[in-house]
Amino acid sequence: MEDTTLRVSKIRNGTVIDHITSGHALDVVKILGVSGKSGGIVTIAMNVPSKRLGKKDIVKIEGRELKAEEVDRIALIAPNATINIIREYKVVEKNRVKLPKVIRDIVKCANPACISNSNEPVEPMFYVENEEPLSLRCHYCGRLMEREDVLKQF
Ligand code: CTP
Ligand code: ZN
1 MEDTTLRVSK IRNGTVIDHI TSGHALDVVK ILGVSGKSGG IVTIAMNVPS
51 KRLGKKDIVK IEGRELKAEE VDRIALIAPN ATINIIREYK VVEKNRVKLP
101 KVIRDIVKCA NPACISNSNE PVEPMFYVEN EEPLSLRCHY CGRLMEREDV
151 LKQF
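In terms of my numbering, the sequence shown opens at residue 1 and continues consecutively.
Quick look at the structure:
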């Protein structure tokens with residue numbers, strides 16, 4: 001019988017971002033600034049069947065391990081994601097991303113008049129009111145920020 005399954009290759013060294021909310025793979029690619037120009041294999045799979053999520057997206061990046069700040073950004077866009085670090089084909093680390101209740105420094109307030117956007121030394125700060133769909137409330141001006149507002153900044 002002919003095998004009708006096309007399996008996506010494993011990677012040798014790099015990062016697999018798994019369990020991304022379906023439809024959000026390209027946002028993850030954008031957040032990470034992956035252009036494909038560095039030459040490593042980049043695999044993007046969308047709407048793959050998943051036990052946990054029903055459907056999920058996956059992004060595999062050969063030759064790159066993510067920085068903590070990049071992982072924090074992914075948590076904003078894909079709060080169920082798992083970050084797998086691969087070395088010599090083995091998963092050596094697996095971490096579920098985690099969105100903290102309070103977010104500092106990775107996002108700016110969308111309100112230009114907010115004190116956190118002035119010349120005052122005030123660090124941005126948001127409360128996570130809802131993870132999915134994303135809703136962040138500015139501590140200073142109360143402005144609500146959604147995923148589109150956040151994506152524009154990355
Ligand atoms: N993976 C890969 N290349 C490797 C090893 C793993 O691309 N050399 C991918 C797998 O295809 C999978 C993810 O990394 O999408 C995590 O691998 P693994 O932990 O083996 O899979 P699961 O047990 O299914 O993961 P989970 O329990 O997180 O669902
Ligand atoms: Zn504000």
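For glycine and all other residues, C-beta sits at the position ideal for the given N, C-alpha and C. Keep in mind it's a predicted model, so treat the numbers as computed, not measured.
| task | Could you tell me whether the Cβ atoms of L26 and E70 are closer together than 7 Å? | result | Cβ atoms of L26 and E70: not closer than 7 Å.
| Endpoints, beta strand (DSSP E) assigned at K56 | 54-62 is the span of the beta strand (DSSP E), which, as asked, contains K56.
| field | Counted within 10 angstroms of its Cβ, other Cβ atoms place G14 as buried (16 or more) or exposed | value | buried
| Mind checking whether the beta-carbon of R143 lies closer than 6 Å to any heavy atom of the ligand ZN? | yes
| Nearest neighbour of I20, chosen from D57, R64, Y140, N119 [CA to CA] | D57
| Residue range of the beta strand (DSSP E) that includes V91 | 90-96
| query | Alpha carbon to alpha carbon, how far is H24 from A68? | reply | 20 Å
| query | What's the gap between the Cα of D18 and the Cα of P133? | reply | Straight-line Cα distance between these residues: approximately 19 Å.
| message | Please return the same chain residues whose Cβ sits closer than 8 Å to the Cβ of G40, not counting the five positions on each side in sequence. | response | G14, I61, E62, G63, R64
| request: Go ahead and label A113 buried or exposed: buried means 16 or more other beta carbons lie within 10 angstroms of its beta carbon, across all protein chains shown. | output: Exposed.
| said: Just list the residues that DSSP pairs V48 with in beta bridges. | reply: K56
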